[in-house]
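Okay, so here's the structure we're looking at.
What follows is the structure, encoded as structure tokens:
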């Protein structure tokens, strides 16, 4: 392998190889690598800092656009380590010829989400590339947040017996984007793109071991990462998986698996079994998390961590880390 | 104007118009807009946070590459508000087909500059776009630093009588990049790309009113921004301007003005006249700042802030904010 491949940008095995290549080279200047956000302590406070670039095609879609996605994505990376998002930076990369009316729509989405979530844009940057050097608009956001519950939540903290919860239906965002790209009418389907700041009180109050948003690579990929980080096997219950009929339809036509489709406003929570019912009760009180469900469990420690699916017919299917990306430029 | 133009990404008047368009739309969710870095106070400490994207052509050049540029550029934005850089995020945007050997060189530069300046990469992101959707490699960095001298340094603080210093020769980076693009042999010329962390002790010790690195748009453009922010007129002395012979030659051939060429490792310092000699003495003690000079003065308050040049022949030439960018994709 001598060049970057499209699959290097996905959520799968090649992406992990590229990440390992890069982190190997950066080695001694890295602060931490395990979580979606970097975490550190300064002046007696625990902080989290994160960055994400958004290069989605198409940039506008039912339920959101690249602006909303950029703000929510970075907010969510902070929330997933139990941090209250405070400040965001916003860097725009624009192609010569990009419509100012479209830019206005995108900025209005940024503003709306920033205000809704009580964060400030603290610094920005705009670069323009010549026509053909960049496809439309790319956005990078970086975020700073204050961690509210120290390091009690982390990718390494899943334990045998733990339950896996999801805060809503799977793959709405990924399914929608793939439908749009193929020219299908997505019907009533909208992206689940949303900020997950509503989970912060639960992160503080309950004994949640892991929180992760299943973006690129979807639920199966992110659970593989958690399984690997914690050294455990995970079993998902197919009959419990919440998938909308529209997403099922898109997956059937395009040969996709909703377990590998990106969500942009859902979280996976891994918690002690005795906490699961109380957490679900709390989630169900909030409209945005009304479709939350228990979808699986951590079955045991493992030297070779795996994620499996207990199928409706009682079989077991391995859910491997994908090699290739199903859906490039999804977020 | 209904679409983004290449000049919107430069350092000139169109860039300011685009910035005003964007900040107007973001309005209530902006923390601050005056400086290169956003500044805020949390847990009793003054912080600065900044972001910058780098989309330079060519990505490798004598004296640096896009990796070095990305780390130094964000470090410098922090240093310019008197902040000690602590943490950086690093987001890579790669084109399918980009060489992994080139990526390795870029990451080695990132590591070298990070270690040299005592900063940590705290979070990262990698996205890949399909061939033709992105030109090679773009990098975004965001940085967090601790401000060491409160708000005593700021773009609004230039006062009549103040002197303008520059910490080295003008336009090396911009001149070099333009020479390379036109297939010239740049001879011994190297980019001035460097981190300016060495200025931090001076920022703490001396009465410096403004610090800015003259990147996009060069010395003339950045001084226009300072003049406007402080409501003052600035006069530069042509005979004092440090320009290398190689840069002069490139400018003559290509019809460029070194006053408008980007530097990537120089700072403009605006200070009280009685401090100037002591600051220069301190600068000259350090090899990296050995070519520092006094190059002009703040002549008075002004309702219509202007930057002028006192030419070698005794004439005065206005140095306006440029409308168009001389050198797109320069950093």
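Chains as they are written, first to last, in our numbering: chain A, 7 to 337; chain B, 7 to 337.
A virtual CB, placed ideally from N, CA and C, is assigned to each residue, including glycine.
- At the C-beta level, residue 78 of chain B and residue 70 of chain B come within 9 Å of one another.
- Cβ-Cβ distances below 7 Å link residue 290 of chain B to 296, 298 in the same chain, with the five nearest sequence neighbours on each side left out; the list follows chain order.
- The C-beta of residue 191 of chain B comes no closer than 9 Å to any C-beta of chain A.
- Of all residues in the stretch 13-28 of chain A, only 13, 14, 15, 16, 21, 24, 25, 27, 28 come within less than 9 Å of chain B when Cβ atoms are compared, listed by chain position.
- Not a single CB atom of chain A sits nearer than 9 Å to the CB of residue 74 of chain B.
- Bounds of the beta strand (DSSP E) holding residue 46 of chain A are 44-48.
- Closer than 9 Å to the CB of residue 102 of chain B there is at least one CB belonging to chain A.
- Taken in chain order, the complete alpha helix (DSSP H) segments of 4 residues or longer contained in the stretch 171-195 of chain B are 178-187.
- Taking all protein chains shown into account, residue 7 of chain B has fewer than 16 neighbouring C-beta atoms within 10 Å of its C-beta and is therefore exposed.
- In the pairwise beta carbon analysis, the stretch 16-29 of chain B is classified as not touching the stretch 55-75 of chain B: fewer than three pairs are separated by under 8 Å.
- Using a Cβ distance threshold of 9 Å, residue 321 of chain A and residue 264 of chain A do not count as a contacting pair.
- As the crow flies, the alpha-carbon of residue 99 of chain B is around 46 Å from that of residue 167 of chain B.
- When C-alpha distances from residue 106 of chain A are compared across B:114, B:112, B:9, B:194, the shortest belongs to B:9.
- Cβ-Cβ separation between residue 195 of chain A and residue 252 of chain A: approximately 4 Å, consistent with a contact (criterion under 8 Å).
- Our two residues, residue 55 of chain A and residue 241 of chain B, have alpha carbons roughly 42 Å apart in a direct line.
- Rounded to the nearest angstrom, the Cβ distance from residue 218 of chain A to residue 273 of chain A is 7 Å, consistent with a contact under 8 Å.
- Sequence-distant Cβ neighbours of residue 176 of chain B in its own chain, meaning closer than 8 Å and more than five residues away, are 220, 224, 225, 247, 248, 249, 253, 264, 265, 267, 269, 272.
- Listed in chain order, the beta strand (DSSP E) elements of length 3 or more contained wholly in the stretch 48-128 of chain A are 51-60, 89-101.
- Between residue 18 of chain A and the set A:201, A:330, A:335, A:215, the nearest pair of CA atoms involves A:330.
- Judged by DSSP in its simplified three-state form, residue 35 of chain B adopts helix.
- Runs of the beta strand (DSSP E) spanning 3 or more residues and lying entirely within the stretch 141-173 of chain A occur at 143-153, 169-172, in chain order.
- Residue burial is scored here from C-beta neighbours: residue 137 of chain A has fewer than 16 other C-beta atoms within 10 angstroms and is therefore classed as exposed.
- Rounded to whole angstroms, the Cβ separation of residue 85 of chain A and residue 206 of chain A is 6 Å, and the two are in contact under 8 Å.
- Between residue 148 of chain B and residue 57 of chain B, the alpha-carbon positions lie close to 4 Å from each other.
- In chain A, no part has a C-beta under 7 Å from the C-beta of residue 230 of chain B; the shortest such distance is about 18 Å.
- Under the Cβ distance rule, residue 146 of chain B counts among the residues neighbouring chain A, one pair being separated by less than 9 Å.
- The criterion of a C-beta distance shorter than 9 Å is not satisfied by residue 159 of chain B and residue 125 of chain B.
- Nearest to residue 312 of chain B by C-alpha distance, out of B:255, B:201, B:233, B:184, is B:233.
- Residue 117 of chain B has a beta carbon lying within less than 9 Å of a beta carbon in chain A.
- A distance below 7 Å between beta-carbons, with the five flanking residues on each side excluded, links residue 153 of chain B to the following residues of its chain, in chain order: 45, 52, 53, 54, 87, 88, 89.
- In the structure shown, residue 247 of chain B falls within a coil segment according to DSSP collapsed to helix, strand and coil.
- For residue 290 of chain A, the uninterrupted alpha helix (DSSP H) segment begins and ends at 279-290.
- Distance from the CA atom of residue 183 of chain A to the CA atom of residue 67 of chain A, rounded to whole angstroms, is 7 Å.
- Closest in alpha carbon position to residue 94 of chain B, among B:120, B:108, B:335, B:187, is B:120.
- Considering only beta carbons, the part of the stretch 118-129 of chain A lying closer than 8 Å to chain B consists of 120, 121, 125, 126, 127, 128, 129, in chain order.
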